[in-house]
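Respectively, the protein sequence lines represent chains A and B. Letter 177 of the first sequence, counting from 1, is numbered 177 in the working numbering, and no numbers are missing. If you count the second sequence from 1, you need to add 192 to reach the working numbering. See structure below.
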Amino acid sequence: MKAARRLGGFFPYALGVVLVAGVVHIVSVLAMPALAPRDAYARFGEWAPVNELAPAPESARDGAAPAPFNDPAMLIAACRFDLSGGPVRVAATVDREHFLSMSFQGRTGRIFHSLTDRGALRDRIDVLLLRQQDVEAVEDAESEDEAHQTLRLVAPTTTGLVIVRSLAESPQDRDAARARLRNVRCAVEPPA
Amino acid sequence: MTTFIKMLAAALAGVCIGLLTVDMAIVRDAGFGSAAAGPWTAWLKRGAPDPDPYTRAAIARFGEIPLGPGEGLSFVAGADSAGARFSGACDYRIVGKPIATRFWTLSLLDPAGARPANGDARAVFTSQEILRSEDGAFEIVASARARAGNWIAAPETGAFMLMLSLYDASVGTTAGTIATAGLPRIEKGDCR
């Protein structure tokens, strides 16, 4: 009898522990993308300029890489885009022989598009990043020919990252792979 | 008063358990959205356009820059084909046939995904530079001791990870089709 009463007294507290644990678990998982202080956007912000492409710092000596689980054979460049000043154009000349790829991610790390040199039209990758509210203005201003060659991407957030990867096929190819990254541009589109 | 202390203790316990379970779920990555093929695991949801909340939390927490589905697919292995965890005290042979992809790389990383601090020693092989036999089969040895042929430098002691990245892979990124890619086996050799 006494034991049962004690158990009965304990039960509401146990239920409380479970409820609080559940709420804390769900809230912190959902809040993590918004709150994590060392996400890719924050790390890349230390060296990647806004609306301009820059190569990731390479320091093989201390084993530093631009991000964990990054392929050591890949040379990386990034551009932090900010569409508040208008659409941003990302363009590259590729030779379709060497691997070059791009991924576009929103502020919370969601990749909304990715492509490689294999999908390039006439050896050019041409992407216009824009906000939903800029779509109409861009469509009106663009010529037919331009519209065919440009891939228009509506970004889910105003800011985010464009990550460009260039594969060094061997250690001797690293300089050339670095040079291939320099053929990529990221810039605010001048108003028409 | 004792009721208040009990409630406070219950709330604290709840917060601790909640945070701990988040850590367990994303740090050990309980296998959400993963696909295994032999010793290799792919985090399929990492680069997907609609990752689940746990995947999003893990990406933000570790600052990874996953490959987009249009770029390729990467696999990690922490153990050999027999299931024994990698140790710097042993040699490992990575044996494979041509993989259904445009380019691939095999790299050696520490368990946190950083490049091991072993100076200029080789940490990555690409499909373009590897020595193969006439039928296209290859063998890479991961060992702390330098050797001739395809050698990738492992740490003297402790655990490490192997990462296999497929770029412009011809395989689909669904769990069912990965098995058809023909990923290499990992066999344990001599131990010291």
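Glycine included, each C-beta is placed from N, C-alpha and C at the ideal position. Predicted model, so just to flag it, every value in this text is computed and none were measured.
Where residue i sits in the DSSP three-state scheme
| i | result |
| --- | --- |
| aspartate 327 of chain B | coil |
| glycine 9 of chain A | helix |
| arginine 174 of chain A | helix |
| isoleucine 291 of chain B | coil |
| glycine 22 of chain A | helix |
| proline 191 of chain A | coil |
| leucine 121 of chain A | strand |
| glycine 270 of chain B | coil |
| serine 114 of chain A | strand |
| leucine 300 of chain B | strand |
| proline 55 of chain A | strand |
| alanine 351 of chain B | coil |
| threonine 194 of chain B | helix |
| serine 335 of chain B | strand |
| arginine 180 of chain A | helix |
| glycine 275 of chain B | coil |
| glycine 16 of chain A | helix |
| threonine 213 of chain B | helix |
| leucine 375 of chain B | coil |
Through-space distance from residue j to residue i, alpha-carbon basis
| i | j | result |
| --- | --- | --- |
| isoleucine 125 of chain A | glutamate 139 of chain A | 19 Å |
| alanine 222 of chain B | aspartate 123 of chain A | At alanine 222 of chain B the pLDDT is 46, less than 50, meaning the model places this residue with poor confidence and gives no usable figure here. |
| valine 50 of chain A | leucine 265 of chain B | 28 Å |
| alanine 155 of chain A | phenylalanine 295 of chain B | 29 Å |
| alanine 60 of chain A | alanine 315 of chain B | In this prediction, alanine 60 of chain A scores a pLDDT of 49, lower than 50, which makes its location untrustworthy; no coordinate-derived value is stated. |
| arginine 285 of chain B | valine 333 of chain B | 5 Å |
| valine 29 of chain A | arginine 110 of chain A | 15 Å |
| alanine 271 of chain B | glycine 86 of chain A | 49 Å |
| arginine 180 of chain A | alanine 67 of chain A | 21 Å |
| glycine 63 of chain A | phenylalanine 254 of chain B | Because the pLDDT of glycine 63 of chain A is 45, which lies under 50, any placement of that residue in the model is unreliable, and the question is left without a value. |
| serine 357 of chain B | glycine 8 of chain A | 56 Å |
| leucine 115 of chain A | threonine 318 of chain B | 20 Å |
| phenylalanine 44 of chain A | isoleucine 76 of chain A | 11 Å |
| asparagine 342 of chain B | arginine 152 of chain A | 43 Å |
| proline 231 of chain B | leucine 375 of chain B | 9 Å |
| aspartate 244 of chain B | arginine 339 of chain B | 44 Å |
| valine 127 of chain A | phenylalanine 352 of chain B | 38 Å |
| glutamate 142 of chain A | proline 72 of chain A | 40 Å |
| threonine 297 of chain B | arginine 118 of chain A | 18 Å |
| isoleucine 344 of chain B | proline 261 of chain B | 28 Å |
| alanine 361 of chain B | glutamate 97 of chain A | 15 Å |
| alanine 274 of chain B | glycine 288 of chain B | 16 Å |
| methionine 74 of chain A | glutamate 331 of chain B | 22 Å |
| alanine 31 of chain A | glutamate 256 of chain B | 17 Å |
| serine 299 of chain B | alanine 205 of chain B | 42 Å |
| proline 57 of chain A | tryptophan 47 of chain A | 8 Å |
| glutamine 320 of chain B | glutamate 326 of chain B | 15 Å |
| leucine 211 of chain B | cysteine 282 of chain B | 37 Å |
Residue span of the alpha helix (DSSP H) that contains residue i, given as start and end
| i | result |
| --- | --- |
| threonine 318 of chain B | Looking at the DSSP string, threonine 318 of chain B is not in any alpha helix (DSSP H); the run it does join, the beta strand (DSSP E), is 316-318. |
| threonine 247 of chain B | 245-254 |
| serine 136 of chain A | Before going further, note that residue 136 of chain A is glutamate rather than serine in the sequence given. Unbroken alpha helix (DSSP H) run through glutamate 136 of chain A: 135-141. |
| arginine 339 of chain B | Where arginine 339 of chain B is concerned, there is no enclosing alpha helix (DSSP H), given that its DSSP letter is neither H nor E. |
| phenylalanine 42 of chain A | Residue 42 of chain A is actually alanine in this sequence, not phenylalanine. 40-45 is the span of the alpha helix (DSSP H), which, as asked, contains alanine 42 of chain A. |
CA nearest to the CA of residue i, picked from the options
| i | options | result |
| --- | --- | --- |
| threonine 93 of chain A | A:Thr108, A:Ala120, A:His113 and A:Phe112 | A:Ala120 |
| leucine 35 of chain A | A:Leu151, A:Cys186, A:Ala168 and A:Thr108 | A:Thr108 |
| alanine 252 of chain B | A:Pro37, A:Gly9 and A:Ala48 | A:Pro37 |
| alanine 234 of chain B | B:Leu354, B:Asp382 and B:Arg384 | B:Leu354 |
| alanine 187 of chain A | A:Leu161, A:Phe11 and A:Gln172 | A:Leu161 |
| leucine 130 of chain A | A:Glu97, A:Ala177, A:Val17 and A:Pro191 | A:Pro191 |
| aspartate 215 of chain B | B:Ala281, B:Thr247 and B:Ile197 | B:Thr247 |
| alanine 250 of chain B | A:Val90, A:Asp39, A:Asn70 and A:Pro55 | A:Asp39 |
| histidine 113 of chain A | B:Pro258, B:Gly305, B:Gly350 and B:Arg324 | B:Pro258 |
| serine 103 of chain A | A:Ala137, A:Gly16, A:Ser166 and A:Leu19 | A:Ser166 |
Span of the beta strand (DSSP E) around residue i
| i | result |
| --- | --- |
| glycine 160 of chain A | 159-167 |
| aspartate 71 of chain A | Counting along the chain, aspartate 71 of chain A falls outside any beta strand (DSSP E), and DSSP gives it neither H nor E. |
Within 9 Å of chain A by C-beta, residues of the stretch 241-258 of chain B in sequence order: Pro241, Asp242, Pro243, Pro245, Tyr246, Arg248, Ala249, Ala250, Ile251, Ala252, Arg253, Phe254, Gly255, Glu256, Ile257 and Pro258
Contact residues within the stretch 270-287 of chain B, judged by C-beta distance below 9 Å to chain A: none
Proximal residues, the stretch 170-192 of chain A versus chain B, C-beta separation under 7 Å: Ser170
Members of the stretch 301-332 of chain B near chain A, C-beta cut-off 9 Å: Leu301, Asp302, Ala304, Gly305, Ala306, Arg307, Pro308, Ala309, Asn310, Gly311, Asp312, Arg314, Ala315, Val316, Phe317, Thr318, Ser319, Gln320 and Glu321
Under 9 Å (Cβ pairs) to chain B, residues found in the stretch 32-62 of chain A: Met32, Pro33, Ala34, Leu35, Ala36, Arg38, Asp39, Ala40, Tyr41, Ala42, Arg43, Phe44, Ala60, Arg61 and Asp62
Residues in the stretch 156-170 of chain A having any Cβ partner in chain B nearer than 9 Å: Leu161, Ile163, Arg165, Leu167, Ala168, Glu169 and Ser170
Chain-ordered residues of the stretch 108-129 of chain A with a beta carbon less than 8 Å from chain B: Thr108, Gly109, Arg110, Ile111, Phe112, His113, Ser114, Leu115, Thr116, Arg118 and Gly119
Interface residues of the stretch 198-220 of chain B facing chain A [CB-CB below 9 Å]: Lys198, Met199, Ala201, Ala202, Ala203, Leu204, Ala205, Gly206, Val207, Cys208, Ile209, Gly210, Leu211, Leu212, Thr213, Val214, Ala217 and Ile218
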